[in-house]
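First the structure, in the form of structure tokens, and then the observations on it.
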Amino acid sequence: MSSRRRSKKDAASTVLPPQAPPSRYTRRERVLYVGCEGEATEYDYLRYLNKEYGSGDRETGRPAFTIKPVRKADGLIPSRTVKAVVEAAQGEDETWVLFDRDSHHDIREAFEAAAASDTEVCFSHPSFELWLLLHFQPFGGAQGAAKNTHVLDKLRKADPAYKRFDKPDKGLGDARTRALKGKEEAAVQRARALVGQCEHGACKPANATFEAPQYGRSAKERAARSGHAKNCEVLSRDPSTDVWRLLVRLGIVKV
Numbered sequence: 176m177s178s179r180r181r182s183k184k185d186a187a188s189t190v191l192p193p194q195a196p197p198s199r200y201t202r203r204e205r206v207l208y209v210g211c212e213g214e215a216t217e218y219d220y221l222r223y224l225n226k227e228y229g230s231g232d233r234e235t236g237r238p239a240f241t242i243k244p245v246r247k248a249d250g251l252i253p254s255r256t257v258k259a260v261v262e263a264a265q266g267e268d269e270t271w272v273l274f275d276r277d278s279h280h281d282i283r284e285a286f287e288a289a290a291a292s293d294t295e296v297c298f299s300h301p302s303f304e305l306w307l308l309l310h311f312q313p314f315g316g317a318q319g320a321a322k323n324t325h326v327l328d329k330l331r332k333a334d335p336a337y338k339r340f341d342k343p344d345k346g347l348g349d350a351r352t353r354a355l356k357g358k359e360e361a362a363v364q365r366a367r368a369l370v371g372q373c374e375h376g377a378c379k380p381a382n383a384t385f386e387a388p389q390y391g392r393s394a395k396e397r398a399a400r401s402g403h404a405k406n407c408e409v410l411s412r413d414p415s416t417d418v419w420r421l422l423v424r425l426g427i428v429k430v
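Per our numbering, the very first residue in the sequence shown carries number 176; after that it's consecutive.
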């Protein structure tokens, strides 16, 4: 393209075809596609991370990033969450997924699909709400498959903004995200402590890794990246949440 200055007449006489609006983001930024099993809470949380931390921090050297949430209006089962985010990223950017234990029967299938597509997994047992609760207080004790009642009861009492947190009001509006702000480091520490308290006995938070697997890619290696032992059954990690890994990977919290 010529670098000479164009006159107003030249510009006026040039007819361009309709153009898509320019992208707000560039590939100079780090881009992550993150699949959400849920339709509201996880999506709002990712938007909060974008808003509060996406522009980076010059003082600490934390680089800018953009999270592009991938969701479906009525939610997705875990294995379909992996499929959806991989299709959305088209092999160009990082892929992550957030999904819960709930009563799903395809958890192992989802971990296998994540391993095959090099997708990072943030698995929460019993639910993503455990991650929110850990911003306010520690938590422990097995909840049993699909049991989320105790976590929700604690969360509603943890902060006034969450007093009415329940269907259909499970979004994270301004008041609820403000309540989380500044508590991320404590939440990460508490989530990592749950790894050390795992009943398996050989799980250690210090064993967490973000490096590529050294001995090939497998669902067990993918599931062990939060510090759990490779032979620690994923469905037995009760309670647990790996959402902390996303914040550490983005540089929001250091460990």
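From the three backbone atoms N, C-alpha and C, an ideal C-beta is built for every residue, glycine too.
query: In DSSP terms, what E295 is bridged to; result: W271
query: E212 vs I252 beta-carbon contact at 9 angstroms; result: yes
query: Proximity of S393 and F298 at Cβ, strictly below 9 angstroms; result: no
query: Distance, F303 Cα to L410 Cα; result: 15 angstroms
query: Helix, strand or coil at T235 according to DSSP, with G and I counted as helix; result: coil
query: Inter-residue spacing [alpha-carbon to alpha-carbon] between L355 and A289; result: 29 angstroms
query: Cross-strand partners of F240 (DSSP beta bridge); result: R205
query: Touching by the beta-carbon criterion (3+ pairs, under 8 angstroms), the stretch 268-285 and the stretch 381-390; result: no
query: Reference L327, options D341, G319, P335, closest by Cα; result: D341
query: Start-to-end residues for the alpha helix (DSSP H) that takes in T324; result: 324-333
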